[in-house]
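Protein chains: 2
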Amino acid sequence: CVVMSVGAAGALNCVFKALLQEGDTVIVPAPFFAEYRHYVHNFGGTLIEVPCTEDFSLDIDAIEKALSPKTAAVLINSPNNPTGRIYTQNEIDRLAQVLDKHAKKCGRKPYLICDEPYRAITYDGASVASAFKAYDSSIVVTSFAKNLSLPGERVGYICVNPACPDKADVVAACIFTTRILGFVNAPALFQKVVAHSWNAKVDYSLYEKRRNMLMQNLDQAGIHYVRPQGAFYLWCKVPDAYKGDDMAFCEHLKKHLILAAPGSGFGGKGYFRLAYCVSEKSIAGSKAAFIAAVKDLH
Amino acid sequence: CVVMSVGAAGALNCVFKALLQEGDTVIVPAPFFAEYRHYVHNFGGTLIEVPCTEDFSLDIDAIEKALSPKTAAVLINSPNNPTGRIYTQNEIDRLAQVLDKHAKKCGRKPYLICDEPYRAITYDGASVASAFKAYDSSIVVTSFAKNLSLPGERVGYICVNPACPDKADVVAACIFTTRILGFVNAPALFQKVVAHSWNAKVDYSLYEKRRNMLMQNLDQAGIHYVRPQGAFYLWCKVPDAYKGDDMAFCEHLKKHLILAAPGSGFGGKGYFRLAYCVSEKSIAGSKAAFIAAVKDLH
Numbered sequence: 004c005v006v007m008s009v010g011a012a013g014a015l016n017c018v019f020k021a022l023l024q025e026g027d028t029v030i031v032p033a034p035f036f037a038e039y040r041h042y043v044h045n046f047g048g049t050l051i052e053v054p055c056t057e058d059f060s061l062d063i064d065a066i067e068k069a070l071s072p073k074t075a076a077v078l079i080n081s082p083n084n085p086t087g088r089i090y091t092q093n094e095i096d097r098l099a100q101v102l103d104k105h106a107k108k109c110g111r112k113p114y115l116i117c118d119e120p121y122r123a124i125t126y127d128g129a130s131v132a133s134a135f136k137a138y139d140s141s142i143v144v145t146s147f148a149k150n151l152s153l154p155g156e157r158v159g160y161i162c163v164n165p166a167c168p169d170k171a172d173v174v175a176a177c178i179f180t181t182r183i184l185g186f187v188n189a190p191a192l193f194q195k196v197v198a199h200s201w202n203a204k205v206d207y208s209l210y211e212k213r214r215n216m217l218m219q220n221l222d223q224a225g226i227h228y229v230r231p232q233g234a235f236y237l238w239c240k241v242p243d244a245y246k247g248d249d250m251a252f253c254e255h256l257k258k259h260l261i262l263a264a265p266g267s268g269f270g271g272k273g274y275f276r277l278a279y280c281v282s283e284k285s286i287a288g289s290k291a292a293f294i295a296a297v298k299d300l301h
Numbered sequence: 004c005v006v007m008s009v010g011a012a013g014a015l016n017c018v019f020k021a022l023l024q025e026g027d028t029v030i031v032p033a034p035f036f037a038e039y040r041h042y043v044h045n046f047g048g049t050l051i052e053v054p055c056t057e058d059f060s061l062d063i064d065a066i067e068k069a070l071s072p073k074t075a076a077v078l079i080n081s082p083n084n085p086t087g088r089i090y091t092q093n094e095i096d097r098l099a100q101v102l103d104k105h106a107k108k109c110g111r112k113p114y115l116i117c118d119e120p121y122r123a124i125t126y127d128g129a130s131v132a133s134a135f136k137a138y139d140s141s142i143v144v145t146s147f148a149k150n151l152s153l154p155g156e157r158v159g160y161i162c163v164n165p166a167c168p169d170k171a172d173v174v175a176a177c178i179f180t181t182r183i184l185g186f187v188n189a190p191a192l193f194q195k196v197v198a199h200s201w202n203a204k205v206d207y208s209l210y211e212k213r214r215n216m217l218m219q220n221l222d223q224a225g226i227h228y229v230r231p232q233g234a235f236y237l238w239c240k241v242p243d244a245y246k247g248d249d250m251a252f253c254e255h256l257k258k259h260l261i262l263a264a265p266g267s268g269f270g271g272k273g274y275f276r277l278a279y280c281v282s283e284k285s286i287a288g289s290k291a292a293f294i295a296a297v298k299d300l301h
């Protein structure tokens, strides 16, 4: 039930081309990876953003309200880019119950698409809950860019739940969309590399160390953030002085040579995203810059 | 004016996503590579097939008649898959004149998209005519799969004519579509490989030898074909006994362990395609099979 793909982004495009009819909707908890919007629009779908709860857990009731007969899929990303949140098994189970209930009522079963490129990069002993056990019509897409530190090699896969009632059709459709969208195949040499390196040990503690350094910097600057459980992003609140204007605050940070992504692009106005997949030297150097940038406000 | 791509198939999808509006048409001389249909349909376009002349040259008058204000592009493939034809500079020049004339009349200038993955593989001293000199709104897409014998590594590029009036917009759009269609980037390691191997000498005479062997086999079996000027396909006429039914004749060939592609898929009913990018041993072994398959008919 596995189709090799040109990275997770290629995988998602193949899956949406396979599943979506013109006018279908895809529900995504916000904030979310900005390019999801395009992946869904590419194939005639509409992305419906459903805000998470205040602590960036899934808001199951809000997702339930957003479901309709047009819902082709719910798309979750755990660990989440940009928040670093990992959804718990309890959240996944409750989401699955809501989807099952909806399917029985409306006769159309939405797929649960789990985008998991950061699955291996978790902190504080956390691990990513499996959707396969909870919900049969589930599809995992991922890439080897992060867990094997192979960015840019464009090799990933689509895995359809073996329990999915129409798994044969979904797999056949994804093989077809992989061809006709021009991906054709996951790059040949790196298919061999990932087969060979399947059990490679990558030292993710480097990321944890950088996360901790950056959190300390932000603590000292007085910037509030969500403590990331995985991936390598920090989701930070725009200081009050900027009244939620994340675009303006990111411009302000630029003056202090800090590159941050405005939250609005991720469906999270009032926040900004920092990435800590950069050198320790850069992170160490950013401490004074963050402190100065916040002092500047007063 | 160059955007690196995930192969020529990825390049074509990015170009069509960049150029097409819902309802636009793309004109293609038939026969043509079967997947073009999908590449155009993926983004709301309609493929208009215009048959070539009897010797598989471009039928410029027929292309002119097919032009309309909805024509976004003309797509040519030289050397052609499946016919092996290389369009002459004269054909390209005449096509360019017709497109320029149409643009002046209707106010919309169609792009000329040249799919050239087999550009380096030519025979009998032939070479591929340049569209860039003839027509400013031209775009070449290609891959390194064939000219560097790197099949499966998914590395190619889109080259927009430096003389194209809106080249900056086309390049920006292709960079954007490369991202949002999930290609993201041409595989990183093989970008370095092709930079390093740019002037590598590949011995294409192997293909020429195989072409000549296969042509001899077909001559002896009494099967008519187009003499290929490039690429590695032979475009053959279905024997009269099958009355143009290429599907049935390919089924018949299978019984003799010959795998051929029915012409109908390429917009060329009554023909079938053979590929000679196979071992010399296979080609040598096919001689008796072709003779037996044709004898079987009588």
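Sequences listed follow chains L and C, in order.
The C-terminal residue of the first sequence carries number 301 in our numbering, and the numbering is unbroken.
The C-terminal residue of the second sequence carries number 301 in our numbering, and the numbering is unbroken.
Glycine residues also receive a C-beta, built at the ideal position from the N, C-alpha and C atoms.
Just so it is clear, the structure is predicted and the values come from calculations on it, not from any experiment.
Nearest-angstrom Cβ-Cβ length linking residue i and residue j, presumed shorter than 8 Å
i, j, result
"valine 158 of chain L", "valine 197 of chain L", "6 Å"
"isoleucine 30 of chain C", "threonine 74 of chain C", "6 Å"
"arginine 122 of chain C", "threonine 145 of chain C", "6 Å"
"phenylalanine 19 of chain L", "phenylalanine 46 of chain L", "5 Å"
"glutamate 283 of chain L", "arginine 213 of chain L", "6 Å"
"aspartate 118 of chain C", "leucine 15 of chain C", "6 Å"
"alanine 76 of chain C", "leucine 22 of chain C", "6 Å"
"tyrosine 126 of chain C", "glycine 185 of chain L", "Not quite, the Cβ-Cβ distance comes to about 28 Å (not below 8 Å), so this is no contact."
"leucine 277 of chain L", "leucine 217 of chain L", "7 Å"
"valine 305 of chain L", "isoleucine 178 of chain L", "The question about residue 305 of chain L has no answer, for chain L in this structure spans 4 to 301."
"proline 72 of chain L", "cysteine 109 of chain L", "5 Å"
"glycine 247 of chain L", "glycine 273 of chain L", "4 Å"
"lysine 240 of chain C", "histidine 227 of chain C", "4 Å"
CB contact check: residue i to chain C, cutoff 8 Å
i, result
"isoleucine 161 of chain L", "no"
"tyrosine 42 of chain L", "yes"
"glutamate 67 of chain L", "no"
"glutamate 119 of chain L", "no"
"proline 72 of chain L", "no"
"valine 29 of chain L", "no"
"arginine 276 of chain L", "no"
"alanine 191 of chain L", "yes"
"glycine 26 of chain L", "no"
"glutamate 52 of chain L", "no"
"valine 9 of chain L", "yes"
"glycine 155 of chain L", "yes"
"asparagine 16 of chain L", "yes"
"glycine 268 of chain L", "no"
"asparagine 188 of chain L", "yes"
"glycine 48 of chain L", "no"
"alanine 12 of chain L", "yes"
"asparagine 150 of chain L", "no"
Simplified DSSP state of residue i, which is helix, strand or coil
i, result
"cysteine 55 of chain C", "coil"
"cysteine 177 of chain C", "helix"
"alanine 203 of chain C", "coil"
"tyrosine 245 of chain C", "helix"
"leucine 15 of chain L", "helix"
"serine 146 of chain L", "strand"
"leucine 1 of chain L", "Here chain L has residues from 4 to 301 only, and residue 1 of chain L is not among them."
"valine 187 of chain C", "coil"
"glycine 3 of chain L", "The structure shown does not extend to residue 3 of chain L, since chain L is modelled only from 4 through 301, so no value can be given for it."
"histidine 255 of chain L", "helix"
"asparagine 39 of chain C", "Reading the sequence as shown, one finds tyrosine at residue 39 of chain C and not asparagine. Tyrosine 39 of chain C falls in the helix class under three-state DSSP."
"isoleucine 3 of chain C", "Because residue 3 of chain C is not part of the residues shown, which for chain C are 4 to 301, the question remains open."
"alanine 171 of chain C", "helix"
Minimum Cβ-Cβ distance from residue i to chain L less than 8 Å
i, result
"proline 265 of chain C", "no"
"leucine 184 of chain C", "yes"
"proline 85 of chain C", "no"
"alanine 76 of chain C", "no"
"valine 5 of chain C", "no"
"alanine 203 of chain C", "no"
"asparagine 80 of chain C", "no"
"glutamate 38 of chain C", "yes"
"asparagine 45 of chain C", "yes"
Beta-ladder partner(s) of residue i, from DSSP
i, result
"cysteine 239 of chain L", "L/Tyr228 and L/Phe275"
"proline 265 of chain C", "C/Phe275"
"methionine 7 of chain L", "L/Tyr160"
"proline 32 of chain L", "L/Val53"
"glycine 233 of chain C", "C/Thr125"
Segments of 3+ residues assigned as beta strand (DSSP E) that fall wholly inside the stretch 100-141 of chain C: 114-118
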